[in-house]
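Participant:
Protein chains: 2
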Amino acid sequence: MQALTIKKHLEVAKPSLDNNLSDMDRVNMSIRNSLGTQQISWPLDLLKILSNTFRSSAGSVTVTARKKDDHLHILAIEPEDTASSHFGLAVDIGTTVVAVELIDLNTDKSLAAMGDFNRQIQYGEDLLTRLHFSAQGGLGKLHAAVLDTINSLVGKVCAASGILPHQISAFCAAGNTSMTHFLLGLDPSTIRREPYAPVLTHVPELFAKDIGIDILPNAVCFIFPSVGSFLGGDLIAGALAAGIDKQDEISLLLDIGTNGEMILGNRDWLLAGAGAAGPALEGGVAECAKRAEPGAIERVKIDPSTLEPSYSVIGDAQPSGLCGSGLIDAIAELYLSGLLDLTGRFVLENKTPRWRKVNGRDAYALVDSNKKGEGPTVYITEKDIQNVLRTKAAMVAALTILLDSVGLDINSISRVYTAGSFGIHLSVNSSITIGLYPRLPAERFVSLGNGSLRGAKEVLLDSSRIADTSRIAGKVTYLELNIHPSFMGIFRSAKYISS
Amino acid sequence: MQALTIKKHLEVAKPSLDNNLSDMDRVNMSIRNSLGTQQISWPLDLLKILSNTFRSSAGSVTVTARKKDDHLHILAIEPEDTASSHFGLAVDIGTTVVAVELIDLNTDKSLAAMGDFNRQIQYGEDLLTRLHFSAQGGLGKLHAAVLDTINSLVGKVCAASGILPHQISAFCAAGNTSMTHFLLGLDPSTIRREPYAPVLTHVPELFAKDIGIDILPNAVCFIFPSVGSFLGGDLIAGALAAGIDKQDEISLLLDIGTNGEMILGNRDWLLAGAGAAGPALEGGVAECAKRAEPGAIERVKIDPSTLEPSYSVIGDAQPSGLCGSGLIDAIAELYLSGLLDLTGRFVLENKTPRWRKVNGRDAYALVDSNKKGEGPTVYITEKDIQNVLRTKAAMVAALTILLDSVGLDINSISRVYTAGSFGIHLSVNSSITIGLYPRLPAERFVSLGNGSLRGAKEVLLDSSRIADTSRIAGKVTYLELNIHPSFMGIFRSAKYISS
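Line order of the protein sequences matches chains G and C.
With the numbering used here as the guide, the letters of the first sequence map in order to residues 594 to 1092.
With the numbering used here as the guide, the letters of the second sequence map in order to residues 594 to 1092.
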């Protein structure tokens, strides 16, 4: 298994009258002896420091390189043996949240993982708003904002791990098609306009300096391919992590994020679709929503007799919001306690001291403020519930159409891989209760965690998986669900709990 | 025959719901249909303009690319059909003079050729001074100066031809090893220090923006390989132009410039050496020296009976100096007229109204000033003659050792290719008279003109010759003449005219 980059210590012969090959040729000879690679290429910036580097350390140097077949492209040369400092960064570029994970490419160990809101949010919470802003001349700002988000996270994971950004020689990112365009500064204006042809689906391998990522300037950057405007590299990364294209059984990959996307299939066929789920499930959208970080309520129970809630909070912190799993739990529990009807409306006749009015609207308070006169600090409104139900209905409609198109029913699905920032925390039972997940035995569900980040990690650690990403992207048939004649009908009839 | 770059007009299918491949994939499909190339790569800067470019012209675009085997790297994409504007620049980077030639890559025609002093001269007339200046922290300035020289010439040939610099997509340059290092900003400090290992001999293909050449930013730049510190790409380019490695007969390539370099051999073997000729033969060094441009005396005759000179001048201009060929002619004619002895001293007893004192030193006046009281405007001194004789002696010593080492004598040389800025103009008879050229029948001499520039042009027009440059560079055995035991002895005894 060969990581996306390799790092190797070399002892380069000193020049002599008997061996006055050029410095480059002598280093190349050491590389050939050590790695057996025949074709070796150097970027000009490294040639400028080559001689001083190995003369300063009497020929003891470490090269970092990207190896493809019999070709080696050098990315860095450093004095002395630095081969033990060899790091890669996996990145999930979400519309709402960007997550990164720093990996030691020698030990395969994760050194630090962090996430942060995508700074593009200042130009629009949802993708459509950002695409509109981009078309109005905002592309440069959106490009800079996502770079800023990533570079700030680079600084944080490096500081947390005690390494320097320039020690990161491999970068692997997955995001939806629009995010990929924004990352590269490509105009995404055609993505949402018929006939929905993006600038590109397969991104060439680039160097960090070309994109503007503040790591090793020549670091290799692999960006996951997308299948089209609506099926992004994030889902391909999830499919890679799940390995659904290598199994005989039929699997479903569910990625519930800002959009609800899914891939259904096995080693013979892969069918994908996206329900325009809307932003309900990403932190920052529901009124008391919060990312899954300290202070977020992640589990909720409501006692059916007292109608009083109990909950667990991430970290050692006062509860200050609901993360996605808390929201799904709350809705499921409200429903199971009779406080919510099938349509997602509060049953206010069922009296509980938890009913509140917040800004004139009904709410169920999970956490009350300690101070008099203040409203509740964490609560849930009908609007929050309707948002979730729209997402749920889109997922149901999408899955129904995908299954119909291959003549299968839900029970033919042997395994459901759940991904997205949601997959990590969602309660399978609550998700089945409200109908967000298909009604299948709980043991068929496998949480990939952040599937996009996990796929990115797999490529970082094993560059041969790049070929798998192309293979998966090439095999997927994407069904355009928004224009499918059945979609709206199924969507409308699925906007109920448990339907 | 395929030029270093190719340029091709394409009609790219517009996107539709039936064909909503990405813009890049649709352009790639057109390229594959048109050129049959399978692997296509795009730099990020072009991906950023790709969509707007072909949408602005309803799919009619022209791509410029570098094709290698089955791989095509795109260098430019422009709206409409611009395939007829496809240009390349050949460059000879001389220590003293930089020469460029602008070539139409579609018609193989030369559009403009110009030369100018290398602006590095301000930091030292000869190479050793510049290498010293570089070691003192002057590398950046020397790098900038040679780039300035080339970029200024780019502007001039473009203006003269009515084309724009960004229409130049191919760049091919040859220079000695130090000039190659300076062009790329590489530290040349080890070139003149034992064991004389340069940073590199083979330069990877680069893009103009990487080097800093103001043409198409992604223009492909091929720099001729050198064999070592003392045998540069300029001589390899000359050998390529002469084709000496493809002949059965034994040829000699003589490159007389700031240094005197030569390659002897045939298809089976190539032997090279350099005599440290000194700067005598480059314009700007002899007291009245001038480049071969309007006003330069290029031919000189001295009437043996009157001892009066006659001469021809380049262009419609007053004579204002002597170019190299005029200098060699003058020395040969002075000698043949009995005004110069074997050792290069004036025979002042032979009275002629042309003897002058200039700054207290004896001189032979070729052109007198018209105004009273002023000295002659063009003259020749013994010092000028001694400089030429040192060059001549170094050439003789080098050639003698090369021939000895393979057990051949001068008569085994079937053809002498003369190159360097000198080869264009030198009179073969005068050069044989003073002993600068070997005493062989005049018909064996072939002037390559500027062999370095000519080799560069050949690669521009036929990229398959790149393989020949590596083959020649790999085949040449370089004899280190400066440390050869016989060199100084032969050199001293050859410092006479006609010896």
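The beta carbon of each residue, even a glycine, is placed where N, CA and C say it ideally should be.
1) Can you say whether residue 999 of chain C is buried or exposed, counting buried as having 16 or more other CB atoms within 10 angstroms of its CB?
2) Indicate whether residue 600 of chain G and residue 863 of chain G have their beta-carbon atoms separated by less than 7 Å.
3) Just verifying my parser: in three-state terms, what is the DSSP assignment at residue 1134 of chain C?
4) Would you mind listing the beta strand (DSSP E) stretches within the stretch 743 to 819 of chain G that are 3+ residues and don't spill past its ends, in chain order?
5) Is it the case that the stretch 621 to 635 of chain C contacts the stretch 657 to 668 of chain C, given that we only count it when at least three CB pairs across the two stretches are under 8 Å?
6) Buried or exposed: which applies to residue 605 of chain G, given that a residue is buried once 16 or more other Cβ atoms fall within 10 Å of its Cβ?
7) Using the C-alpha atoms, what's the distance from residue 842 of chain C back to residue 1008 of chain C?
8) According to DSSP, is residue 621 of chain C part of a helix, a strand, or is it coil?
9) Answer yes or no: do residue 738 of chain G and residue 760 of chain G have a C-beta to C-beta separation smaller than 7 Å?
10) Nearest chain C C-beta to residue 684 of chain G closer than 7 Å, yes or no?
11) Pull up the CB-CB distance for residue 665 of chain C and residue 632 of chain C, whole angstroms please, since I reckon it's below 8 Å.
12) Quick check: the Cα distance between residue 904 of chain G and residue 956 of chain G, rounded to an integer number of angstroms?
13) If you check the beta carbons only, do residue 924 of chain C and residue 1059 of chain C fall under 7 Å apart?
14) Under 8 Å, CB to CB, which of the residues in the stretch 784 to 797 of chain C have a partner in chain G?
15) In terms of residues, what are the limits of the alpha helix (DSSP H) holding residue 968 of chain C?
16) Is it true that the CB of residue 951 of chain G sits closer than 7 Å to the CB of residue 960 of chain G?
17) Cutting at 7 Å between CB atoms, please list the residues of its own chain near residue 926 of chain C, excluding the five before and the five after it.
18) Would you mind telling me which residues of chain G sit closer than 9 Å to residue 744 of chain C, beta carbon to beta carbon, in chain order?
19) Quick one: what's got a C-beta closer than 8 Å to residue 933 of chain G's C-beta in the same chain, skipping five residues either side?
20) At which residue ranges does the stretch 1001 to 1067 of chain G contain complete beta strand (DSSP E) runs of 3 or more residues, listed in the order of the chain?
21) What residue range does the beta strand (DSSP E) around residue 855 of chain G cover?
22) Please list, in chain order, the chain G residues whose beta carbon lies closer than 8 Å to that of residue 780 of chain C.
23) Taking 7 Å as the CB-CB limit, is residue 952 of chain G close to chain C?
24) Cα separation between residue 823 of chain C and residue 996 of chain C?
25) If you reduce the DSSP assignment to three classes, tell me which class residue 697 of chain C lands in.
26) List, in chain order, every chain C residue whose beta-carbon is nearer than 7 Å to that of residue 635 of chain G.
27) What did DSSP end up calling residue 1088 of chain G once you bin it into helix, strand or coil?
28) For my contact list, residue 610 of chain G and residue 640 of chain C are in at a C-beta cut-off of 8 Å; report their separation, rounded to the angstrom.
29) Here's the rule: buried if 16 or more other CB atoms are within 10 angstroms of the residue's CB, otherwise exposed. What is residue 902 of chain C?
30) Which residues in the same chain as residue 935 of chain C place their Cβ atom closer than 6 Å to its Cβ, once the five residues preceding and following it in sequence are excluded?
31) Taking residue 817 of chain G and residue 832 of chain G to be in contact with their CB atoms under 8 Å, please state how far apart those CB atoms are, rounded to whole angstroms.
32) For residue 668 of chain C, which option in C:948, C:800, C:1002 has the closest C-alpha, if you only look at C-alpha atoms?
33) Using a Cβ cut-off of 7 Å, pull out every chain C residue sitting near residue 615 of chain G, in sequence order please.
34) Kindly identify the DSSP beta-bridge partner or partners of residue 866 of chain C.
35) Does chain C have any CB closer than 7 Å to the CB of residue 724 of chain G?
36) Grab me the residues of residue 1003 of chain C's own chain with a C-beta within less than 8 Å of its C-beta, minus the 5 sequence neighbours each way, in chain order.
Facilitator: The structure says:
1) Counting Cβ neighbours within 10 Å, residue 999 of chain C comes out exposed, since fewer than 16 surround it.
2) no
3) Missing from the structure shown is residue 1134 of chain C; chain C here goes from 594 to 1092 and no further.
4) 761 to 768, 813 to 816
5) yes
6) buried
7) Straight-line Cα distance between these residues: approximately 8 Å.
8) Helix.
9) no
10) no
11) 7 Å
12) 17 Å
13) no
14) Hits within the stretch, in order: 787, 788, 789, 790, 791, 792, 793, 794, 795, 797.
15) Premise fails: residue 968 of chain C is in no alpha helix (DSSP H) and is neither H nor E.
16) No.
17) Its chain contains 893, 894, 895 as the residues whose beta carbon lies nearer than 7 Å to that of residue 926 of chain C, once the 5 sequence neighbours on both sides are disregarded; these appear in chain order.
18) Going along chain G, no residue has its Cβ under 9 Å from residue 744 of chain C, so there is no contact; the nearest lies around 17 Å.
19) 924, 927, 939, 940, 978, 1090
20) 1008 to 1012, 1038 to 1040
21) 853 to 858
22) 641, 644, 645
23) Not an interface residue.
24) So the alpha carbons of these two residues sit roughly 19 Å apart.
25) strand
26) 797
27) coil
28) That pair is no contact at about 49 Å.
29) So residue 902 of chain C ends up on the buried side.
30) 1089, 1090
31) Contact doesn't hold; Cβ gap of about 10 Å is too wide.
32) C:800
33) 790, 791, 792, 793, 794
34) Bridge partners of residue 866 of chain C: C:855.
35) no
36) The beta carbon of residue 1003 of chain C is closer than 8 Å to those of 992, 996, 1031, 1032, 1033 in its chain, skipping five residues each way along the sequence.
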